[in-house]
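Per my numbering, the very first residue in the first sequence carries number 1447; after that it's consecutive. By construction, the Cβ of each residue, glycine as well, lies at the ideal position given by its N, Cα and C atoms. Right, one structure below, let's go through it.
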Amino acid sequence: MKQLSLDCQLHPNQRVSHFEAPNMPELPEVEHARQLIEQTAKGYRIIEVGCASDSVVLEGVTAAEIRQALRNRIVCAARRRGKHIWLELDKRPWPCFHLGMTGAFHTANTSPIKLVTSHVVEEKQWPPRFTKLHLTLSNESELVMTNKRRLGRIRLRQDPTGEPPISQLGFDPLLDLPSLEKFSEWLTGRSGAIKSLLLDQSFAAGVGNWIADEVLYQAKISPKRPTHQLSKSEIKIIRLRLRHIIETAVQANADASKFPKTWLFHRRWNKNANSELAGHSIEFITVGGRTTAWVPELQR
DNA sequence: CTCAGTGTTCAGTG
DNA sequence: TCACTGAACACTGA
């Protein structure tokens, strides 16, 4: 576990605490990270940039290009679409981020202010292990992106929404959920299992494995059901559950302990525990190449 | 030691 | 073209 060194090393210093987005980067977690970035950096200038020379995480750019693009820029906004985040700066190109499975944003401040929507985490080291990008801002706060498994990506784009990969995303359930008419039109035009479609980022951007399972559990529909044979009322329920689950998780700041206790979410993580939900057993199968938790007796 | 895994992409097959 | 499968990516932790 050698950590790639930052080629612009910043003085590691002691912090009382720092804040980080939890680690389960589907839409709600990514939205929470976006809010964290705005609270920390919006309106401030980037004074120093540390960037790891990690050719896996840096896609199509070098650490030097990242540093040059970000240094002395003002952070105007942090935007999100699906699981992608990008910063609007006072000058292009702009940095774009995907967290992969193990990415997170962390912030620290010399005089910690209360960040209502953030988790206070015990200080271990700063900057944290697996830091890929380390920004120091003109308000004396610091913003770090970490990526343990290196499945995350950092890119530079002149026009993030107009270029891949963000331009290839489908609708974002929080930003532009389609009307029921459009939604069912798109759904019936596809074949394959409904769960696979929900996971398809060019269909619904931001839906990940647990959200797809949760939607289908609450809609009482089997994850294996072929999309084209869903009834109009089932499609309606899927759409409403999709919106409801994501809105609820976002309002909870992606804090799983605040999710409703009735959710399948709380039971899906320990497969060995022989979990039950509402008196029915939870089964684990593979759909669309992904572990799928469902309750066969309740989902048709 | 083995193996699954919150995500994405690509090659190969049907 | 669509849809599916498996592998690859890289590493942690059970």
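Where does the unbroken alpha helix (DSSP H) through residue i begin, and where does it stop?
| i | result |
| --- | --- |
| Ile1683 | Lys1678 to Gln1697 |
| Ala1509 | Ala1509 to Leu1516 |
| Gln1664 | Asn1655 to Gln1664 |
So residue i and residue j are supposed to be a Cβ contact under 8 Å. How far apart are they, rounded?
| i | j | result |
| --- | --- | --- |
| Pro1474 | Ala1665 | The pair is not a contact, with the Cβ atoms about 18 Å apart (cut-off 8 Å). |
| Ile1531 | Arg1525 | 7 Å |
| Tyr1490 | Ser1584 | 5 Å |
Give me, in chain order, the residues of the same chain whose beta-carbon lies closer than 6 Å to that of residue i; leave out the 5 immediate sequence neighbours on both sides.
| i | result |
| --- | --- |
| Ile1731 | Thr1738 |
| Leu1597 | Gly1546 and Met1547 |
For the beta strand (DSSP E) containing residue i, name the first residue and the last one.
| i | result |
| --- | --- |
| Pro1541 | Trp1540 to His1544 |
| Thr1673 | Per DSSP, Thr1673 belongs to no beta strand (DSSP E) and is neither H nor E. |
Using a threshold of 8 Å, state whether the C-beta atoms of residue i and residue j are closer than that.
| i | j | result |
| --- | --- | --- |
| Trp1709 | Glu1660 | yes |
| Gly1638 | Pro1610 | no |
| Arg1519 | Leu1535 | yes |
| Phe1711 | Ala1702 | yes |
| Pro1624 | Ile1692 | no |
| Glu1472 | Arg1599 | no |
| Cys1497 | Leu1602 | no |
| Leu1676 | Leu1626 | no |
| Arg1511 | Ala1554 | Correcting the residue identity first, residue 1511 is Glu in this sequence and not Arg. Not a contact, by the Cβ cut-off of 8 Å. |
| Trp1656 | Arg1714 | yes |
Return the chain-ordered list of same chain residues with a C-beta closer than 7 Å to the C-beta of residue i, the five sequence neighbours on each side being excluded.
| i | result |
| --- | --- |
| Lys1641 | Ala1658, Leu1662, Pro1669, Val1733, Gly1734 and Thr1738 |
| Pro1574 | His1552, Val1590 and Thr1592 |
| His1726 | Val1741, Glu1743 and Leu1744 |
Could you please give me the residues that DSSP links to residue i through a beta bridge?
| i | result |
| --- | --- |
| Cys1497 | Leu1579 |
| Ser1625 | According to DSSP, Ser1625 bridges with nothing at all. |
| Ala1523 | Glu1534 |
| Leu1602 | Pro1541 |
| Ile1731 | Thr1738 |
| Glu1475 | BP columns for Glu1475 are empty, so no partner. |
| Leu1504 | Ile1600 |
Give me, in chain order, the residues of the same chain whose beta-carbon lies closer than 8 Å to that of residue i; leave out the 5 immediate sequence neighbours on both sides.
| i | result |
| --- | --- |
| Leu1615 | Arg1527, Gly1528, His1530, Gln1647, Ser1648 and Ala1651 |
| Ile1667 | Ile1640, Leu1676, Glu1680, Ile1683, Ile1684, Gln1745 and Arg1746 |
| Val1562 | The pLDDT assigned to Val1562 is 30, lower than 50, so where the model puts this residue is not dependable; a value taken from the coordinates is nonetheless given after this. If we look at Val1562 and ignore the five residues flanking it on each side, it has no Cβ neighbours. |
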